[in-house]
Amino acid sequence: MRLYQIPGSRSDRIRWLCAELDLPLDLVTVDIHALPDELIALNPCRTVPVFVDGTHVMTESVGAMLYIASRHSARDLAVAPDEPGYAEFLQFLELGEAGMLSPLNAIISSKFFGPPGATENFTAQAIVKSLDGRIELLRRRVETGAYLAADRFTIADISVAFAVKVAVKMLRLGDHYPPEVTAYAERMMARPAYQAIAQY
Ligand SMILES: N[C@@H](CCC(=O)N[C@@H](CS)C(=O)NCC(=O)O)C(=O)O
């Protein structure tokens, strides 16, 4: 299995999962400003990560986590359809990317690559505000349980904890986030597997 990665980016989700499972990954570190032709040939979206397993090429970090967990029979790290926590598992697995990190791409671009004040525009403010709703959804979940689904650590926790980390540590949006949410993310990221690959 090969992973085109940028340390500290969504590729960390896949690295974190492989560290949990003790699976070897062939890492290719790339520069987002100078993506190699090899990556562009695999991924016309020109995004990172790109995960390759034989003839399979995946450009979605959450999809790649589900693939790895299924292929490597990591039953504990996913939740099966006949388990009670299945609905919550799917919900939070998706939330981390579709509901949280994907909308933040616009904020990341405007903060790091846009003109001064770009993050102050209406669209950027609307995205940040919408994230607050997702944080409240998360708060309600973590106030009643240590994990997001099935009372155990799963890839839904990797999906969401990584999104919270980007919001809090990279974008500094977390000043008003409830302590339950930041404590939950810190607890997930204190796991030895994440500590072994964490960049910041
Ligand atoms: N939904 C994709 C998003 C991938 C993505 O947007 N990656 C970022 C880096 S973490 C990127 O490549 N941004 C540059 C761009 O969108 O042009 C995933 O979960 O892997």
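Be aware that the sequence shown starts at 20, since it is given in the numbering used here, and climbs by one per residue.
Idealized CB from N, CA, C, for every residue including glycine.
Residue burial classification, residue i (beta-carbon count within 10 angstroms, cutoff 16)
i: alanine 97; result: buried
i: tyrosine 219; result: exposed
i: glutamine 24; result: buried
i: asparagine 62; result: buried
i: isoleucine 87; result: buried
i: arginine 90; result: exposed
i: cysteine 51; result: Position check: residue 51 holds isoleucine in this sequence, whereas cysteine was assumed. Exposed, because fewer than 16 other Cβ atoms sit within 10 Å of the Cβ of isoleucine 51.
i: aspartate 176; result: buried
i: cysteine 37; result: buried
Among the options, nearest to residue i - alpha-carbon criterion
i: aspartate 194; options: Val147, Asp95, Ala215; result: Val147
i: alanine 106; options: Pro26, Arg160, Val69; result: Arg160
i: glutamine 110; options: Thr142, Pro122, His75, Ala168; result: Ala168
i: arginine 34; options: Val67, Ala60, Thr138; result: Val67
i: valine 47; options: Pro135, Thr173, Phe70; result: Phe70
Unbroken beta strand (DSSP E) run spanning residue i, endpoints
i: methionine 77; result: 75 to 77
Residue interval of the alpha helix (DSSP H) (run including residue i)
i: arginine 32; result: 30 to 40
i: glutamine 144; result: 141 to 161
i: valine 200; result: 198 to 208
i: valine 187; result: Neither: valine 187 is in no alpha helix (DSSP H) and is coded neither H nor E.
i: valine 81; result: 80 to 90
Proximity of residue i and residue j at Cβ, strictly below 9 Å
i: glutamate 116; j: valine 81; result: yes
i: leucine 58; j: methionine 20; result: no
i: alanine 180; j: isoleucine 154; result: no
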